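Residue numbers (the numbering used here): 382 to 669.
Cβ coordinates follow ideal geometry from the N, Cα and C atoms, glycine included.
Since this is a predicted model, take the numbers as computed values, not measurements.
Read the structure below first, then the notes.
Structure, rendered in structure tokens:
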């Protein structure tokens, strides 16, 4: 089949399957299935039957609800490429704001802890941009496998390491293995029960453990600050991502813990990132 024909075929499958961004996704699948060089230069040439079959099957998988990113096997985040697939949360553009707002506070001498790391996109992007030493804490073995692969893919083995554990109930041995941090970041599960019931079918394919934050989406936040704030140095920064409508409650929790907070909106106008600075420890018995 001539490449112009396969483009029309793949786009048609996606459109008929109800994919809203059929044009964009068809191009992504074609780049993946044909290869970047062939995609750019070979649209007047015929493609073999095996390649056509691969692309057709991929388009059908997409219409059946498999995320585009899982089909491609990778996705870009903050200018870097990350391997993704079944069992790991797909990096999202909204989360790039968390990285962007955290970067000004650190440098190559900083220590960073990232909670609920998933694919490792946050600590890897931070380490690549700043040279800071980063530790990502993650409990899912499937996610850790992708995280480990992404460390190698991005050539950042000397800057990023993985700590396996539960961020809600961290064992003493885990905490003892970590440095006191200049920055702690977290993109915890924050979808509400209602949001989980109305998810797009492709999002339902992502791991529930990385999405569901309890009936009101807030299960993780209070516990995270309780358990992890002691790991933050004085004047350190605690930056978290939030769901739509959650920033006020999260800011209240953070300020009750002594953090001075700022809230940042994403490109959709949602108050998406809360950045809190830890105060100096109180010196008791200080004279006049």
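Measuring alpha carbon to alpha carbon, tell me which of 553, 504, 386 ends up nearest residue 541.
504
How far does the beta strand (DSSP E) with residue 655 in it extend, from its first residue to its last?
652–659
Use the C-beta contact count for residue 401: other C-beta atoms within 10 angstroms, 16 or more gives buried, fewer gives exposed.
exposed
Which whole-angstrom value is the C-beta distance of residue 569 and residue 603, which I expect to be below 8 Å?
Not really, about 11 Å apart at Cβ, beyond 8 Å.
If I follow the unbroken alpha helix (DSSP H) through residue 504, where does it start and stop?
502–511
Would you mind giving the Cβ-Cβ distance between residue 494 and residue 599, rounded to the nearest angstrom? I have them listed as a contact below 8 Å.
In fact, because the Cβ distance is near 21 Å, the residues do not count as touching under 8 Å.
Beta-carbon within less than 7 Å of residue 664's beta-carbon, same chain only, minus the 5 sequence neighbours each way: which residues are those?
Summary for residue 664: the model assigns pLDDT 44, below 50, so the residue's position carries little reliability, and this model does not support an answer.
Between the alpha carbons of residue 477 and residue 585, how many angstroms are there, rounded?
22 Å
Identify the continuous alpha helix (DSSP H) that holds residue 492 and give its terminal residues.
No alpha helix (DSSP H) contains residue 492, which is instead part of the beta strand (DSSP E) from 492–496.
Compute the Euclidean distance between the alpha carbons of residue 633 and residue 531, then round it to the nearest angstrom.
Distance between residue 633 and residue 531, taken at the CA atoms: about 35 Å.
Is DSSP giving residue 442 helix, strand or coil here?
helix
Helix or strand or just coil, what does DSSP make of residue 486?
helix
Under a three-way DSSP split, which group does residue 459 fall into?
In the structure shown, residue 459 sits in coil (DSSP, three-state: anything other than H, G, I, E or B).
Anyone know if the C-beta pair for residue 616 and residue 575 falls short of 8 Å?
no
Considering only their Cβ atoms, is the gap separating residue 559 from residue 621 smaller than 8 Å?
no
Report the start-end ranges of each beta strand (DSSP E) in the segment 531–598 that is 3 residues or longer and not cut off at the edges.
541–545, 562–567
Which of helix, strand or coil does DSSP assign to residue 620?
Residue 620: strand per DSSP, three-state reduction.
Output the boundary residues of the alpha helix (DSSP H) element that contains residue 517.
Residue 517 -> not in any alpha helix (DSSP H); beta strand (DSSP E) instead, spanning 514–519.
Compute the Euclidean distance between the alpha carbons of residue 446 and residue 438, then round it to the nearest angstrom.
In a straight line, the C-alpha of residue 446 is about 13 Å away from that of residue 438.
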